[in-house]
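Just so you know, UniProt numbering puts 8 at position 8 of the sequence shown, and the rest follows in order with no gaps.
Presented below is the structure to which this report refers.
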Amino acid sequence: MSHGGPARPLAARKSGPLTGVADVPGDKSVSHRALILGALAVGETKITGLLEGQDVIDTGRAMTAFGAEVVRHGEGAWSVHGVGTGGFAEPADVIDCGNSGTGVRLVMGAMATTPITATFTGDASLRARPMARITEPLSMFGARAVGRSGGRLPMTIVGAADPIPADYATPVPSAQIKSAILLAGLNAPGQTVVTEAETSRDHTERMLAGFGASVEVEEIGAGRRVILTGQPELRPQTIAVPRDPSSAAFPVCAALIVPGSNVSVPGIGLNPTRAGLFETLRDMGADLTYENAREEGGEPVADLRARFSPDMKGIDVPPARAASMIDEYPILSVVAAFAEGRTEMRGVKELRVKECDRIDAMATGLRDAGVTVEEGEDWFAVDGRGPEGVPGGAKVTARLDHRIAMSFLILGMAAKEAVTVDDAGPISTSFPIFEALMSRLGASFEDAA
């Protein structure tokens, strides 16, 4: 079963050239943060380009449950009337965050230093994901968490009545951990400090500064120390959400592996903490160019153009790049299957605790499609088939994971035989227009029930 409905099997068949313009939705990471920080500001925050996927909608509902007024005015246009730092009210019911690990973890952080109690749950996939990595640092502020064994949802958070600031070194590069701590630090006196050995995506730091918080960022080798001064009065903002690089990855990668393709993907956010996939593809020899580079809302943006690239080579992806492309390894492994030679991806153990174990999911599905894959706890490697092509013909279990489902549908567009995913329903959580957009470019889908 998918989140919100019965399973919907879908097949993708070998397509002709993909051509045209792919207008992908707004950035999911920025959309979550815009809603949450808008709810913590005093006054009205106006948002355009908000991703209207289920994950973000669930975060908006959570903000309403905590007392903010969240209003949709039209496609992608929303406003949030905030309650101020420390102003969250106690919700009357359980907060259901659906499939969103980002949503639940950031919202837990945002309420953890307010003296209220809230219970969180989610779908089957989210209830299987670990939350201790968030609740342990939140306990440093004085918050308490009670959940299922293994630190899993459903979970009740009792916010700190007298919060104290925290100084925490993240054990893994994770923007979710960092962001939860910084959001908790907003209502704690003094300075909250987060140190990360490897830099993770920095949307929270950028947006906090835009809302008027005092945020200092110090570079430390390959990582950063972020220092937040607590108890600011956040000022409402007008936010234009850039288009999502993680969503752009799918039409870009499809164009690279489907013969004759030439696709433009405009207005993509190229924050350096998010653009690792595109660097990696160019390292492999992809015909991928940036056009009309500019800055919008404090974020670097460009139009991407991707053309069929039959001469791509397998590479060793630098482990230091993992944090900047952690959500893109599933679709990268599909591209690697069509490259010549071996692509090794290391330093990626975080993939094992995403919506599903993404290393195992991709390795299993690729093998079923005729591709050789090796894996370890913190790595996997794909032996590309190059000019020989990928046989396909697989029926893949997506495991309630939107990125697994989309990745194998992209595989089916270039493989010799159709590839079927058991449930395309979860795609709506992050990329609700995926099928329509890819079909307009020339992809061939069919229901496989």
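Yeah, the Cβ is synthetic: ideal placement off N, Cα and C, and Gly gets one too.
If you're wondering where the values come from, they're calculated on a predicted model, not measured in any experiment.
For residue i, three-class secondary structure by DSSP
{"i": "ARG358", "result": "helix"}
{"i": "GLN191", "result": "strand"}
{"i": "PRO245", "result": "helix"}
{"i": "ASP287", "result": "strand"}
{"i": "ARG33", "result": "helix"}
{"i": "SER15", "result": "coil"}
{"i": "ILE177", "result": "helix"}
{"i": "GLU350", "result": "helix"}
{"i": "GLY53", "result": "coil"}
{"i": "ILE427", "result": "helix"}
{"i": "residue 503", "result": "The displayed coordinates of the chain run from 1 to 449. Any statement about residue 503 would go beyond what the structure contains."}
{"i": "GLU388", "result": "helix"}
{"i": "ALA381", "result": "strand"}
{"i": "THR235", "result": "Reading off the sequence, residue 235 comes out as Arg, not Thr. Three-state result, ARG235: coil."}
{"i": "ARG399", "result": "coil"}
{"i": "LEU186", "result": "coil"}
{"i": "VAL252", "result": "helix"}
Neighbourhood of residue i by C-beta distance below 7 Å, restricted to the same chain and skipping five residues each side
{"i": "ALA415", "result": "LYS14, ALA369, VAL390, PRO391 and GLY392"}
{"i": "MET1", "result": "Note that MET1 scores a pLDDT of 36, beneath 50, so its modelled location is shaky and nothing firm can be said."}
{"i": "ILE164", "result": "PHE141, GLY142 and ALA188"}
{"i": "GLY412", "result": "ALA11, ALA12, ARG13, GLY392, ALA418 and VAL419"}
{"i": "THR114", "result": "GLY86, PHE88, GLY159 and ASN187"}
{"i": "ALA336", "result": "GLY314, THR343, VAL382 and GLY384"}
{"i": "THR19", "result": "SER261, ASN262, VAL263, LEU441 and GLY442"}
Start-to-end residues for the alpha helix (DSSP H) that takes in residue i
{"i": "GLU136", "result": "132-139"}
{"i": "GLY103", "result": "101-111"}
{"i": "VAL330", "result": "It should be noted that the sequence gives Pro, not Val, for residue 330. Element bounds for PRO330: 329-338."}
{"i": "GLU435", "result": "434-441"}
{"i": "SER125", "result": "124-127"}
{"i": "GLY210", "result": "203-210"}
Contact check, residue i vs residue j, beta carbons under 8 Å
{"i": "THR45", "j": "GLY53", "result": "no"}
{"i": "THR192", "j": "GLY185", "result": "yes"}
{"i": "THR135", "j": "GLY159", "result": "no"}
{"i": "LEU234", "j": "ALA255", "result": "no"}
{"i": "VAL317", "j": "LEU441", "result": "no"}
{"i": "ALA112", "j": "LEU138", "result": "yes"}
{"i": "PRO173", "j": "ALA323", "result": "yes"}
{"i": "VAL373", "j": "ALA381", "result": "yes"}
{"i": "SER430", "j": "LYS28", "result": "yes"}
{"i": "GLY285", "j": "ASP311", "result": "yes"}
{"i": "ARG346", "j": "TRP379", "result": "yes"}
{"i": "HIS203", "j": "ARG321", "result": "no"}
{"i": "PRO432", "j": "LEU400", "result": "no"}
{"i": "LEU304", "j": "VAL241", "result": "no"}
{"i": "PHE250", "j": "ILE410", "result": "yes"}
{"i": "VAL348", "j": "ALA306", "result": "no"}
{"i": "GLY386", "j": "ALA339", "result": "yes"}
{"i": "THR119", "j": "ILE95", "result": "yes"}
First through last residue of the beta strand (DSSP E) which encompasses residue i
{"i": "GLY147", "result": "144-148"}
{"i": "PHE408", "result": "Taken as a continuous stretch (DSSP letters only), PHE408 belongs to no beta strand (DSSP E), being part of the alpha helix (DSSP H) at 402-414."}
{"i": "ALA240", "result": "238-240"}
{"i": "SER261", "result": "Neither: SER261 is in no beta strand (DSSP E) and is coded neither H nor E."}
{"i": "ASP167", "result": "167-169"}
{"i": "ILE47", "result": "42-48"}
{"i": "GLU198", "result": "Here GLU198 belongs to no beta strand (DSSP E), and DSSP marks it neither H nor E."}
{"i": "VAL24", "result": "It is not in any beta strand (DSSP E) - VAL24 carries neither H nor E in the DSSP assignment."}
{"i": "MET155", "result": "152-158"}
Cβ-based burial, residue i [other Cβ within 10 Å; buried from 16]
{"i": "SER247", "result": "buried"}
{"i": "ASP422", "result": "buried"}
{"i": "THR289", "result": "exposed"}
{"i": "ASN99", "result": "buried"}
{"i": "ILE36", "result": "buried"}
{"i": "PRO259", "result": "exposed"}
{"i": "VAL107", "result": "buried"}
{"i": "ILE359", "result": "buried"}
{"i": "VAL80", "result": "buried"}
{"i": "ARG224", "result": "buried"}
{"i": "SER428", "result": "buried"}
{"i": "SER407", "result": "buried"}
{"i": "THR85", "result": "buried"}
{"i": "ASN271", "result": "buried"}
{"i": "ASP244", "result": "buried"}
{"i": "PRO330", "result": "buried"}
{"i": "ASP447", "result": "exposed"}
{"i": "ASP93", "result": "exposed"}
{"i": "ALA145", "result": "buried"}
{"i": "VAL21", "result": "exposed"}
{"i": "residue 514", "result": "Outside the displayed range of the chain (1 to 449) lies residue 514, so it cannot be described from this structure."}
Sequence-distant residues of its chain with Cβ nearer than 6 Å to residue i (five each side left out)
{"i": "ARG129", "result": "GLY101"}
{"i": "VAL83", "result": "GLY67 and ALA68"}
Own chain partners of residue i with C-beta closer than 8 Å, once the 5 adjacent residues on each side are dropped
{"i": "GLU205", "result": "LEU182, VAL215, VAL217 and VAL226"}
{"i": "SER444", "result": "ALA12, ARG13, LYS14, SER15 and MET413"}
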